[in-house]
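Just so you know, the working numbering puts 142 at position 132 of the sequence shown, and the rest follows in order with no gaps.
Each residue gets a CB set at the ideal place from its N, CA and C atoms; glycine is no exception.
Below: one structure, written as structure tokens.
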Amino acid sequence: MHDVTGLIGKTDLLREIISLSSVGRVIPMDGEYNLSLIPLTESVRNKLFAASSDKQVLDFNYLNESELSQLSIMSTHGTLMYFETDYFGGVGGQGAGVFKNGSCVFGPDWAETGAINRALTWLGVETDTDGQDGFDKIGLYKHRNTDRWMAS
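So this is what it looks like as structure tokens:
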């Protein structure tokens, strides 16, 4: 099972988002990109996003139209990536959206594979010539669910 939901962005931007909500945790990611992760547990999600009964976007489990608007607003101070993974027994998918200067500039995109790596390129993460993809390069492989990220 792989079930992770989070926000990725420059560390300073994520610290600013957390300070405004007084909830959550900023976890530095691997690599030279100065990127960090906010794991979106249910409690963090409830504090960061205003409650909404909007229908989910595409095949996302959580992302809805209201959250798309809120993420756009959060991105006025820097580029922000929202992502979800949802795999069980090798079946499922992943999705991502990138927000910059108050707009959604990538996605939201949902696919069996690749959506997160395509979104990470907007944050400057590139695939090396050795074939290591962005997902691995920043260390997203380390935990397979959101709660484990929060506890790390």
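Take residue i as the anchor and find which of the options has the nearest alpha-carbon.
| i | options | result |
| --- | --- | --- |
| residue 12 | 122, 130, 83, 129 | 122 |
| residue 17 | 160, 120, 93, 118 | 93 |
| residue 42 | 144, 159, 151 | 144 |
| residue 86 | 162, 27, 99, 31 | 27 |
| residue 30 | 51, 84, 64 | 84 |
| residue 88 | 25, 162, 98 | 25 |
Assuming residue i and residue j form a contact by the criterion Cβ under 8 Å, report the distance between their Cβ atoms to the nearest whole angstrom.
| i | j | result |
| --- | --- | --- |
| residue 129 | residue 107 | 7 Å |
| residue 56 | residue 20 | Between residue 20 and residue 56 the Cβ distance is about 24 Å, and since that is not below 8 Å, they are no contact. |
| residue 40 | residue 148 | 5 Å |
| residue 120 | residue 47 | Residue 120 to residue 47, Cβ: 20 Å. No contact. |
| residue 116 | residue 82 | That pair is no contact at about 12 Å. |
What do you reckon, are the CB atoms on residue i and residue j nearer than 8 Å?
| i | j | result |
| --- | --- | --- |
| residue 80 | residue 73 | no |
| residue 156 | residue 49 | yes |
| residue 76 | residue 53 | no |
| residue 90 | residue 23 | yes |
| residue 68 | residue 105 | yes |
| residue 14 | residue 153 | yes |
| residue 70 | residue 118 | yes |
| residue 78 | residue 114 | yes |
In three-state terms, what does DSSP make of residue i?
| i | result |
| --- | --- |
| residue 151 | helix |
| residue 129 | helix |
| residue 50 | coil |
| residue 121 | strand |
| residue 111 | coil |
| residue 86 | helix |
Measuring from the CB of residue i, is there a heavy atom of the ligand GDP at a distance below 7 Å?
| i | result |
| --- | --- |
| residue 153 | This structure simply doesn't include the ligand GDP, nor any ligand for that matter. |
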